[in-house]
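Residues in the sequence shown are numbered consecutively from 128, following this note's numbering.
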Amino acid sequence: MNWWQDLRGRVRFKEPLKEHTTFRIGGPAQFFIEPKDIADLKLLLCCVRKYRIPLWILGAGSNILVSDKGVEGVVLKLNSPFFRKISNKRNHFKVGAFVALSKLIQEAGKLGYSGMEFLAGIPGTIGGALAMNVGVGDKNIGDLVKGARVMDYRGKIKSMDKDEIKFAYRRSNLEKFIILGADLELVKKNRGEFRRILKRYLDYRRNTQDKGLSNAGCVFKNPPQEPAGRLIDLCGLKGKRIGGAYVSKRHANFIVNAGDARANDVLKLMDLIKKRVKGRFRVNLEPEIKIWQ
Ligand code: EPU
Numbered sequence: 128m129n130w131w132q133d134l135r136g137r138v139r140f141k142e143p144l145k146e147h148t149t150f151r152i153g154g155p156a157q158f159f160i161e162p163k164d165i166a167d168l169k170l171l172l173c174c175v176r177k178y179r180i181p182l183w184i185l186g187a188g189s190n191i192l193v194s195d196k197g198v199e200g201v202v203l204k205l206n207s208p209f210f211r212k213i214s215n216k217r218n219h220f221k222v223g224a225f226v227a228l229s230k231l232i233q234e235a236g237k238l239g240y241s242g243m244e245f246l247a248g249i250p251g252t253i254g255g256a257l258a259m260n261v262g263v264g265d266k267n268i269g270d271l272v273k274g275a276r277v278m279d280y281r282g283k284i285k286s287m288d289k290d291e292i293k294f295a296y297r298r299s300n301l302e303k304f305i306i307l308g309a310d311l312e313l314v315k316k317n318r319g320e321f322r323r324i325l326k327r328y329l330d331y332r333r334n335t336q337d338k339g340l341s342n343a344g345c346v347f348k349n350p351p352q353e354p355a356g357r358l359i360d361l362c363g364l365k366g367k368r369i370g371g372a373y374v375s376k377r378h379a380n381f382i383v384n385a386g387d388a389r390a391n392d393v394l395k396l397m398d399l400i401k402k403r404v405k406g407r408f409r410v411n412l413e414p415e416i417k418i419w420q
């Protein structure tokens, strides 16, 4: 029986995940499904529960390393127009899970609202950003969140207000759910100031990170002692290469896919980095990227 036949969204088989990750690495997804709306998503969850099919949730694919073998089960991508809506009442923005951070920053800016510019240049979606409480320095997206709409794995929708949502460093309790959308509170700011702040963040990123090369952003979380990038740099690892993967020459917490990297090359390089940093600084680095294998 084709359990997926009643779904109205797009269903693909053996979809190469390297096409859906900024690392440009990853084997096929057994099923790759883009539900059309909430009802379609509910039906999908009902099927995966009934047939005990593993479920993987994909956002912009900018923070994952997928195994070269790919994954068994369903990769879910909420990128249909239904999940990409933005509306606002003054400074309160209601945003769908698949809205790109850059899109929201621009749209809010046009309306004269500000507060998310620190996330400029991060190639993520609202859903992914909330799940892992994306941030820069001491500013995190969680600080702007007034509430979220989520679905549990039984298909039940729940509205969570600010007090129910727990954000921590690169973590949140929203990770237990499928995030459908969020309410964010921004602040009024004049256009000139908005543009100046935005430019400052974009310039900093342009000057310190590899833009245009295949990578997944920072590979390790920053430990409390020092930024991971500085520790890896001090170990002299910039440019270190294993197979098709190398440590960025600009930012040591980035690993770049030179074109033909395999997931295993990245994993071996991560292992080597961890050992060197541990050996020299007695610091345990923890991955920031999610590893699907
Ligand atoms: N540094 C080095 N050598 C390097 C890289 C960094 O000495 O090779 C030093 C820098 O000079 C700076 C310090 O380490 O003094 C911190 O570096 P940076 O300002 O680049 O920030 P980060 O802590 O490495 C964080 C986020 C990035 C975000 C930047 C933007 C984490 C783990 N990373 O990086 O987020 O783009 O700030 O300022 O919090 C991501 O999450 O994927 C990501 C890229």
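Positions of the beta carbon are idealized from the N, C-alpha and C atoms, including for glycine. Everything numeric in this text was worked out from a predicted model, so none of it was measured.
Under DSSP, the beta-bridge partners assigned to G308 are G223 and R276.
C173 has its Cβ no nearer than 7 angstroms to any heavy atom of the ligand EPU.
I359 and R407 have their C-alpha atoms roughly 10 angstroms apart. When DSSP states are grouped into helix, strand and coil, R333 belongs to the helix group. Look at the segment 189-273 and you find these whole runs of beta strand (DSSP E), each 3 residues long or longer: 191-193, 198-204, 213-216 and 219-223. K376 has its alpha-carbon roughly 37 angstroms from the corresponding atom of F210.
At least 8 angstroms separates the beta-carbon of I382 from that of N411. One thing to note: L231 has its Cβ no nearer than 8 angstroms to the Cβ of I249. Contact between the segment 215-225 and the segment 176-183 is absent: fewer than 3 CB-CB pairs across the two stretches fall below 8 angstroms. According to DSSP, A390 shares a beta bridge with no other residue. Per DSSP, reduced to three states, the secondary structure at Y328 is helical. Scanning its chain for C-beta atoms nearer than 7 angstroms, with the 5 sequence neighbours on each side dropped, one finds around L340 the residues V383, in chain order. Annotation for H378 indicates a beta carbon within 7 angstroms of some heavy atom of the ligand EPU.
The residues W131, L134, G136, R137, V138, R139, L171, V201, V202, L203 and K204, in chain order, have a CB closer than 8 angstroms to that of I160 in the same chain once the five nearest residues on each side in sequence are set aside. The DSSP-derived three-state label of E415 is coil.
Cβ atoms of F225 and G254 come within 8 angstroms of each other, at about 7 angstroms.
Residue side-chain check: D310 keeps its Cβ at 7 angstroms or more from all non-hydrogen atoms of the ligand EPU. Taking L185 as the centre and dropping the five residues before and after it, the same chain places the C-beta of H147, V202, L203 and K204 closer than 7 angstroms to its C-beta, in chain order. The way I'd put it, the segment 298-309 does touch the segment 276-290; three or more beta-carbon pairs between them come closer than 8 angstroms. With a cutoff of 7 angstroms, K338 does not count as near the ligand EPU, since its C-beta is closer than that to no heavy atom of the ligand.
Looking at V263, I284, L257 and R327, the one whose alpha-carbon comes closest to that of V272 is L257. In the structure shown, V404 falls within a helical segment according to DSSP collapsed to helix, strand and coil. In chain order, G200 and V201 place their CB closer than 6 angstroms to the CB of I180, counting only its own chain and leaving out the 5 sequence neighbours on each side.
A Cβ-Cβ distance of about 7 angstroms is found for the pair L313 and M243, placing them in contact under the 8 angstroms criterion. Distances between the C-beta of D360 and the heavy atoms of the ligand EPU include at least one below 7 angstroms. The C-alpha of R322 is placed about 41 angstroms away from the C-alpha of D195.
The nearest non-hydrogen atom of the ligand EPU is less than 7 angstroms from the C-beta of E415. Pairing A388 with G363 gives a Cβ-Cβ distance that is not under 8 angstroms.
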